[in-house]
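What follows is a single structure, written as structure tokens, with notes after it.
If you want it as structure tokens, here you go:
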């Protein structure tokens, strides 16, 4: 089998999966989920024409000659209903959000007026009719779709949901994901330190990558290099929507895992991707019949090297899981940065280099976190992003503009970075 | 009192708060927290010199003349311990991660060799001593600090914590936050729709902004415009670390809230900031004596307009809460984008314009989400970021490079946006 490119492998995965089924959640539990239904406004906002300013409501015809002195007939606060009509030579004192009185077609803000006496005000500016009025339904019109199915629920969206009093909403469910580690060389979290063994860090890094996507996975434990034990673990794992099999770094591990998965009915879609770090990576599908309806489970065989495992998760598992959860935004946000040093590269594989990001006067600058060996998990822990070296590149040069995918922990920065 | 600039107001807030106290959490609950202690390696990784490649371990002295044919004395897999010494004219077949045999100082990868017979191999390249060997402790050295106090716990950091088998760790605790809405004009979530009232969306938008920071707030409900009721609610709220008071949009509301807070011992630090949207915004501190040690509570009086409330939370509450939780990164990530249209601005106040972000060949482009009235919550729900218009600007021009703060929901994007 040929080595697939990263984007071809992503495409193969995304074509294999569908959105998961729909469930109902309460507003308090909805952040980060994706709406599976349109949401409509249940009222006009504002409910009638209201003032956009603290000021005076009047008839624009009275502004033919400026300054104009008008008689104050009423005070209207937000929540009050006006009781009087505003006629020629008259006005009402009005607060932001308060309803416009009949007869008035314009608001003049208080800063453009002078109080003449207790009962009258001088208007100092001329404006167009309709000035500083928010029209009925301008913010939201009763019955209109305000949030379309497919919308990701952010805090701003929750504000809208609360505005239309959606206490519950239909959203795509989250996948159930299991993590299985394999390999005799792995040392469990509760085992004593043995220098000849490798701590089972991958399960926990994968757990955290899933948690960052809003998914609480099940850790199945460590399957030893024994076909029967492995088959038993894999069978348990294949009851989940998604099974992540973290291979040990020993070379033999995929000799066991792949045939055992195939014996259990998993159809392997690919097992070679032209990327670095990333070898070996496998993806398969198990078609199941649960509750009478066909339902697929998806299996990843992830590399045993800690960095390779995390990078493969970023590039392949994340887009798949986000697609299953109904998201339109599947890929890590990218930005352009200036490279601070050369990066060697042999053409043939897409490479993901762990970098930190900083800023200078001209924008973002990217610097490698140091040794890029696939065992160097510290380089991943310290990274802000993954610099993408195109497969056909023969090396990048200091000063070049490069593409960097932002990793978790980069939504915030140290400095405010804006000028006031 | 003068209007403070945004950064001066932020500074005033950040100077008032300290990191919260420290608690212990399990690895599974630690994502997004900040370490309050250094974490040290408990082993060397790798535990001894290992091969970085599948290939042959040999003595570099044997490479004086190339090609060189060497006798294979042993097969070493990962997890195996070598049993033989490699002498002149000899080599060992070795797998990635397997320990180097005594006598060998170099690895040649399998691609640079040809099998001559069952028991010998021809080496086709000359390399330096030490080639393709990962040295003992290269990834992590026993006893070294691998994660410093103050590190945010990302998935990569969890991988390191699992590697050194930290099942529990000391982190800064999260603040307890209460949300209080005020104003007779507010309509509760369970009330029938009344066109003369305003749905209480702010409490829920603030709830979601807090949830996005990892904080599960307490919603205290709606206090009506009655000094006694307000005082009772405020007193409850001031038992929390942070109290967010969401003002109704009626003008009178801060007439009640501020003096009532002051009567309860809150020292107001400021109540005017030169920003748009954002008026009125107040910040105060209550020094308390709980458990014998002085402990401060912090109160924000947030504007009643939904967009103003969310923007003030972004600019002031978020950096404060992140500082209390021990984060070094307090501010929203910014990027530079090209403006697609003019933006009018009167000098005097920093303005935050809700924009969507897209990309073209030259990088990010920013476009206003439409009407920027502070009642237009849909403009916030649709925004990817906040464009910052400097206070002294007299307007921005289409094509200008501007600073945009990224909002929640922007960690991912629609297209992969890298070239392979």
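Protein chains in written order, with this note's numbering: chain U, 58 to 477; chain P, 58 to 477.
Note that CB positions come from ideal geometry on N, CA and C, so glycine has one too.
Length of the line joining the Cα atoms of residue 306/U and residue 345/U: Caution applies to residue 306/U, whose pLDDT of 43 falls short of 50 and renders its modelled position unreliable; the model cannot decide the point.
Where residue 249/U falls: helix, strand or coil (DSSP): coil
Partners in chain U for residue 385/P, counting only beta-carbon separations shorter than 7 Å: 471
DSSP state of residue 216/U mapped onto helix, strand, coil: helix
Neighbour-count burial assignment, residue 119/U, 16 or more Cβ in a 10 Å radius: buried
Minimum Cβ-Cβ distance from residue 422/U to chain P less than 9 Å: no
Short-range partners of chain U found in the region 380-413 of chain P, where Cβ spacing is below 8 Å: 384, 385, 386, 387, 388, 389, 390, 391, 392, 393 and 407
Cross-strand partners of residue 280/U (DSSP beta bridge): 239/U
Nearest-angstrom Cα separation, counted from residue 79/U out to residue 225/U: 13 Å
Nearest candidate by alpha-carbon position, reference residue 96/P, set 262/P, 291/P, 424/P and 209/P: 209/P
Residue 437/P at chain U interface by Cβ criterion, 9 Å: yes
Between the CA atoms of residue 111/P and residue 125/P - distance to the nearest angstrom: 18 Å
Chain-ordered neighbours of residue 239/P on chain U, where CB pairs are closer than 9 Å: Neighbours of residue 239/P on chain U: none; closest Cβ ~13 Å, over 9 Å.
Distance CB(residue 132/U)-CB(residue 150/U) smaller than 9 Å: yes
Cβ separation of residue 470/P and residue 391/U, assumed to be a contact under 8 Å, to the nearest whole Å: 7 Å
Chain P contacts made by the region 114-147 of chain U, where a contact means CB separation under 8 Å: 134, 135, 136 and 138
Every unbroken alpha helix (DSSP H) within the region 146-225 of chain U, with a cutoff of 4 residues, ordered by chain: 212-220
Short-range partners of chain U found in the region 160-182 of chain P, where Cβ spacing is below 9 Å: none
Completely contained beta strand (DSSP E) runs for the region 62-89 of chain P, where each covers 3 or more residues: 79-83
DSSP three-state assignment for residue 371/P, whether helix, strand or coil: helix
Start-to-end residues for the alpha helix (DSSP H) that takes in residue 325/P: Where residue 325/P is concerned, there is no enclosing alpha helix (DSSP H), although the beta strand (DSSP E) it sits in stretches over 324-327.
As assigned by DSSP and simplified to three states, the class of residue 94/U: coil
Exposure of residue 202/U, with buried meaning 16 or more beta-carbon neighbours within 10 Å: exposed
Beta strand (DSSP E) runs wholly inside the region 98-146 of chain U, at least 3 long, in chain order: 112-115 and 125-133
Start-end ranges of the beta strand (DSSP E) lying completely within the region 408-454 of chain U, minimum 3 residues: 420-425 and 442-446
Neighbour-count burial assignment, residue 140/U, 16 or more Cβ in a 10 Å radius: exposed
Cα-Cα separation, residue 422/P to residue 267/P: 29 Å
Chain U contact for residue 301/P (CB, 9 Å cutoff): no
Chain U contact for residue 81/P (CB, 9 Å cutoff): no
CB contact below 9 Å: residue 456/U versus chain P: no
Contact the region 215-223 of chain P vs the region 82-93 of chain P: 3+ CB pairs below 8 Å: yes
Local Cβ density within 10 Å of residue 185/P, reported as buried at 16 or more and exposed below that: exposed
With 16 other Cβ atoms within 10 Å as the buried cut-off, status of residue 303/U: buried
Under 7 Å from the C-beta of residue 294/P: neighbouring residues of chain U: The premise fails here: residue 294/P is roughly 19 Å from chain U at the closest Cβ pair, so nothing lies under 7 Å.
C-beta contact flag for residue 237/U and residue 290/U at 9 Å: yes
Chain-ordered residues of the region 182-216 of chain P with a beta carbon less than 9 Å from chain A: Given the protein chain composition of this structure (U and P), no chain A is represented.
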